[in-house]
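Colleague: When we follow our numbering, the leftmost residue of the sequence shown carries the number 1183, and every step to the right adds one.
Right, I'll just put the structure down here and ask away after.
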Amino acid sequence: RLLPNTFALLLVIHAYAEWFNNKPRRTATYLVFATAIFRCDVLLLLFTVGLTMLLRRQLSIVQAITTGVLTGVVSLVLT
């Protein structure tokens, strides 16, 4: 499982870079995609980062839900 872990790590690194650049929707997109395609373990990271973005008001609940659902559906269609 080395290859899927590597791909998930790359997406998580990109998600953190987008979060540090104040782009929370891209952050959520990368993390949801990594969770749906590669690793369900990323779900714990998605929860903590997502909750932080919600508490800091970087992302509204409606934006979080729409981003999560759309990215999740696209991810599942691609697989």
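Yeah, the Cβ is synthetic: ideal placement off N, Cα and C, and Gly gets one too.
Are the beta-carbon atoms belonging to Leu1199 and Ala1216 less than 8 angstroms from one another?
Modeller: The question names Leu, but residue 1199 in the sequence shown is Ala. No.
Colleague: Kindly indicate which residue of Val1244, Asn1203, Val1214 has the alpha-carbon position closest to the one of Thr1283.
Modeller: Since the first residue shown for the chain is 1183 and the last is 1261, residue 1283 is missing from the structure and cannot be characterised.
Colleague: Could you name each continuous alpha helix (DSSP H) segment of 4 residues or more that falls completely within the segment 1212 to 1243, going from the start of the chain to the end?
Modeller: For the segment 1212 to 1243, whole alpha helix (DSSP H) runs of length 4 or above, ordered along the chain, are 1224 to 1237.
Colleague: Exposed or buried, which one is Thr1234 when buried takes at least 16 other CB atoms within 10 Å?
Modeller: Result: exposed.
Colleague: Can the beta-carbon of Thr1188 be found less than 8 angstroms from the beta-carbon of Thr1249?
Modeller: Taking 8 angstroms as the Cβ cut-off, Thr1188 and Thr1249 do not qualify as a contacting pair.
Colleague: Using three-state DSSP, classify Asn1187 as helix, strand or coil.
Modeller: DSSP places Asn1187 in helix when its eight states are reduced to three.
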